[in-house]
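Residue numbers (mature numbering (1 follows the signal peptide of the UniProt record, and there is no 0)): -39 to -1, 1 to 503.
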């Protein structure tokens, strides 16, 4: 959406808010002139305190509603209206309550007016950065920042102090902003496409979104098919045994659900809450367990009497990888919440989910080529793969297959991939075989010449000049007519050759890769085959 449109929308919101609170502000101003009692009974004081708390609660709910509105959440407008109604009730009660100072209530309205005005000013300031998130977007979600801070400590300040004064976290922020800036931006881009699948699982578990992003950025950069050298797999890198404990693994079809963003997020939320319960609600120790093993973290925690992760006696017992992992996750979480402070402009991603039904056989590679890069810096291959983890990028998918996509992708598919030059070009490029560039020939056989005719025709041993047809125009031998090729019956099986993959076979015989794998009992996502193995060509045809 163009920046000027956002600015206009924010301005309209500010005007609407001022119109809504103007009568209340006027009433408060009038009431502030009335004298207050110098001394209050305990009952009156308790009533005033209760009204003050109600006003603060309503103000906080209104701020949360603003975040929802900016994130296009339809419940945001309802929540903001309800919060304003609560403020009206509080003001009405304040007018009747002895000792209630209307000027105190007016301060809340001033803060809300300033928040709206700042929102408009920030949007106008960055109007030239069309296509970027505004400063109060997802990454600057104030309630989310408060949730992250609350998770790290009871007073809500240790998260801030950790970032401000902990050299390891400071170094992590520096690395994300310099050498790892590209991976950080890619992580955010990838996460936005999967956010609607992953974030609700952490939200239900009471865990902050920033923590989810920090773990995912450090573990996989948001690539669902990422696999480590020790066997950890998926966007949140679960080991097989640990994943199995939390419901991840083979789902019966050969697909490992560790690669599924929604199910892996659910498992990670359960795992972290289990660790928090064992490790004194310490987020750093829980992250250390996530990376370095829960058994080790629990032993160190118990032996130290529950000391903090940064205590020397605790910190030095973890391997170097874990000592690096914890501050890097915290640093990524902090940058997710405070991008503007560090000069980060996270890209705006159109991530509204939609279903894409293939009109013709295709693959994710082919879709990536024909969709192009409109609206996306790096194209759509990573997004398509992340949203469809069951399929490999080169898997041949039959017509009628339904893929997870976004509304933008569906629009581009219908425009460029169903028919036309770009669709044909994409199909040609994907079907190309590098081995076809190698020309293989046998030894040449030279036939001896026996005689030369008057017209210059050369005859060879075993032939006669009369047997060699000529063209009328040149008198040269005419090319022999090519015999009509006999149509071969489709083979029922195929012997795997060296270098073959199941996708190669599917493309060669026009098969659906997944159906071919199922018919031969091959497990996703690799569909491994060996040279010499015979596979059934089930459901294949020209």
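Positions of the beta carbon are idealized from the N, C-alpha and C atoms, including for glycine.
Since the model is a prediction, treat every value here as computed from it, not as a measurement.
Are the Cβ atoms of residue 196 and residue 187 separated by less than 8 Å? For the purposes of this step, residue 196 is taken as residue 235 along the chain shown, with counting starting at 1. For the purposes of this step, residue 187 is taken as residue 226 along the chain shown, with counting starting at 1. Yes, the pair counts as a contact, with Cβ atoms nearer than the cut-off.
For residue 323, name the three-state secondary structure that DSSP assigns. Start at 1 with the first residue of the chain shown, and residue 323 comes out as number 362. The answer is strand: DSSP assigns residue 323 an E or B state.
Residue span of the alpha helix (DSSP H) that contains residue 131, given as start and end: Numbered from 1 along the chain shown, position 170 holds the residue referred to as residue 131. Per DSSP, the continuous alpha helix (DSSP H) segment holding residue 131 begins and ends at 128 to 138.
Return the chain-ordered list of same chain residues with a C-beta closer than 7 Å to the C-beta of residue 268, the five sequence neighbours on each side being excluded. Within the chain shown, numbered from 1, the residue matching residue 268 stands at position 307. Spatial neighbours of residue 268 in its own chain (CB-CB distance under 7 Å, excluding positions within 5 residues in sequence) are listed in chain order as 274 and 275.
So for residue 286, helix, strand or coil by DSSP? Against the chain shown, residue 286 aligns to sequence position 325. It is helical.
Taking 8 Å as the threshold (C-beta atoms), are residue 45 and residue 23 in contact? For the purposes of this step, residue 23 is taken as the residue at position 62 of the chain shown. For the purposes of this step, residue 45 is taken as the residue at position 84 of the chain shown. Yes. Within cutoff.
If you draw a straight line from the alpha carbon of residue 174 to that of residue 147, how long is it in whole angstroms? Taking the first residue of the chain shown as 1, we reach residue 174 at position 213. Taking the first residue of the chain shown as 1, we reach residue 147 at position 186. Rounded to the nearest angstrom, the gap between the Cα atoms of residue 174 and residue 147 is 12 Å.
Measuring CB to CB, does residue 137 end up less than 8 Å from residue 292? Indexing the chain shown from 1 puts residue 137 at position 176. Indexing the chain shown from 1 puts residue 292 at position 331. Between residue 137 and residue 292, the C-beta spacing is below 8 Å.
Mapping the DSSP letters down to three states, classify residue 488 as helix, strand or coil. In the chain shown, residue 488 corresponds to position 527, counting from 1. Residue 488: coil per DSSP, three-state reduction.
Three-state secondary structure (DSSP) at residue 462? Sequence index remark: in the chain shown, residue 462 carries index 501 (1-based). Residue state, collapsed to three classes: coil.
So for residue 234, helix, strand or coil by DSSP? Counting from 1 along the chain shown, the entry for residue 234 is found at position 273. Assignment of residue 234 by DSSP, reduced to helix, strand and coil, places it in the helix class.
Between 154, 40 and 168, which lies nearest to residue 350 when the distance is taken from Cα to Cα? One-based indexing of the chain shown puts residue 350 at position 389. The residue from 154, 40 and 168 with its alpha-carbon nearest to that of residue 350 is 154.
Ignoring anything shorter than 4 residues or poking outside the stretch 195 to 258, list the alpha helix (DSSP H) runs there in chain order. Complete alpha helix (DSSP H) runs here, min 4: 201 to 206, 222 to 239 and 244 to 253.
Using the beta-carbon count (16 or more within 10 Å), is residue 261 buried or exposed? Start at 1 with the first residue of the chain shown, and residue 261 comes out as number 300. Burial call: buried.
In the structure shown, what three-state DSSP assignment does residue 39 receive? As a working note, residue 39 is residue 78 in the chain shown. Residue state, collapsed to three classes: helix.
Grouping DSSP H, G and I as helix and E and B as strand, with all else coil, what is residue 525? In this structure the chain extends from -39 to 503, so residue 525 is not present and cannot be described.
Please report the straight-line C-alpha distance between residue 235 and residue 5, rounded to a whole angstrom. Along the chain shown, one-based indexing puts residue 235 at 274. Along the chain shown, one-based indexing puts residue 5 at 44. The straight-line gap from Cα to Cα measures roughly 45 Å.
Quick check on the burial criterion: 16 or more other C-beta atoms within 10 angstroms. Buried or exposed for residue 282? Translated into the one-based positions of the chain shown, residue 282 becomes position 321. Exposed, by the Cβ-count rule.
CA-to-CA distance, residue 346 to residue 356, given in whole angstroms: Translated into the one-based positions of the chain shown, residue 356 becomes position 395. Translated into the one-based positions of the chain shown, residue 346 becomes position 385. For residue 356 and residue 346, the distance between alpha carbons rounds to 11 Å.
Along the alpha helix (DSSP H) that carries residue 457, what are the first and last residues, could you check? Translated into the one-based positions of the chain shown, residue 457 becomes position 496. From DSSP, residue 457 is part of no alpha helix (DSSP H); its letter is neither H nor E.
How is the beta strand (DSSP E) around residue 314 delimited, first residue to last? Position 353 of the chain shown, counting from 1, holds the residue named residue 314. Taken as a continuous stretch (DSSP letters only), the beta strand (DSSP E) holding residue 314 covers 314 to 318.
Going by other Cβ atoms of all chains shown within 10 Å of its Cβ, with 16 needed for buried, is residue 133 buried or exposed? Here residue 133 corresponds to residue number 172 of the chain shown, with the count starting at 1. Classification of residue 133: buried, given that the 10 Å Cβ count is 16 or more.
Using a Cβ-Cβ cut-off of 6 Å (strictly less than) and excluding sequence neighbours within five positions of residue 488, which residues of its own chain qualify? On the chain shown, residue 488 is found 527 positions in, with the first residue counted as 1. If you ignore the 5 residues before and after residue 488, its C-beta comes within less than 6 Å of the C-beta of 463 and 478, all in its own chain and listed in chain order.
Cβ contact (3+ pairs, closer than 8 Å) linking the stretch 324 to 341 and the stretch 373 to 382: Touching, yes, given that three or more Cβ pairs across the two stretches are closer than 8 Å.
In terms of residues, what are the limits of the beta strand (DSSP E) holding residue 384? Your numbering for residue 384 matches position 423 in the chain shown. First-last for residue 384: 382 to 392, but that is the alpha helix (DSSP H), not the beta strand (DSSP E).
Per-residue DSSP class, three states only, for residue 506: Because the chain in this structure spans residues -39 to 503, residue 506 falls outside the shown range and cannot be described.
Report the rounded CA-to-CA distance for residue 141 versus residue 484, giving the unit in angstroms. Taking the chain shown and counting its residues from 1, one reaches residue 141 at position 180. Taking the chain shown and counting its residues from 1, one reaches residue 484 at position 523. Approximately 35 Å, taken between the alpha carbons.
Are at least three pairs of beta-carbons, each pair with one atom in the stretch 161 to 168 and one in the stretch 304 to 323, less than 8 Å apart? Counting C-beta pairs closer than 8 Å gives fewer than three between the stretch 161 to 168 and the stretch 304 to 323, which falls short of the contact rule.
At what residues does the beta strand (DSSP E) containing residue 367 begin and finish? To locate residue 367, count along the chain shown from 1; it is residue 406. In the DSSP assignment, residue 367 falls within the unbroken beta strand (DSSP E) covering 363 to 367.
Selected residue, minimal CA-CA separation from residue 249, among 212, 256, 287 and 264: Residue 249 sits at position 288 when you count from the first residue of the chain shown. Nearest of 212, 256, 287 and 264 to residue 249, Cα basis: 287.
Residue 330 - DSSP class collapsed to helix/strand/coil: Translated into positions along the chain shown, residue 330 becomes position 369. The answer is helix: DSSP assigns residue 330 an H, G or I state.
Those residues which DSSP pairs with residue 497 across a bridge: As a position in the chain shown, residue 497 is number 536, starting the count at 1. Note: residue 497 sits in a beta bridge opposite 454.
Min CB distance residue 166 to chain B below 8 Å: The displayed structure is made up of one protein chain only, and chain B is not part of it.
Cutoff 6 Å; reference residue 457; Cβ partners in own chain excluding five residues on either side: Working through the chain shown from its first residue, we reach residue 457 at position 496. Result list for residue 457: 490, 492 and 494, in chain order.
Does the beta-carbon of residue 280 have 16 or more other beta-carbons within 10 angstroms, so that it is buried, or is it exposed? Within the chain shown, numbered from 1, the residue matching residue 280 stands at position 319. Its Cβ having fewer than 16 others within 10 Å, residue 280 is exposed.
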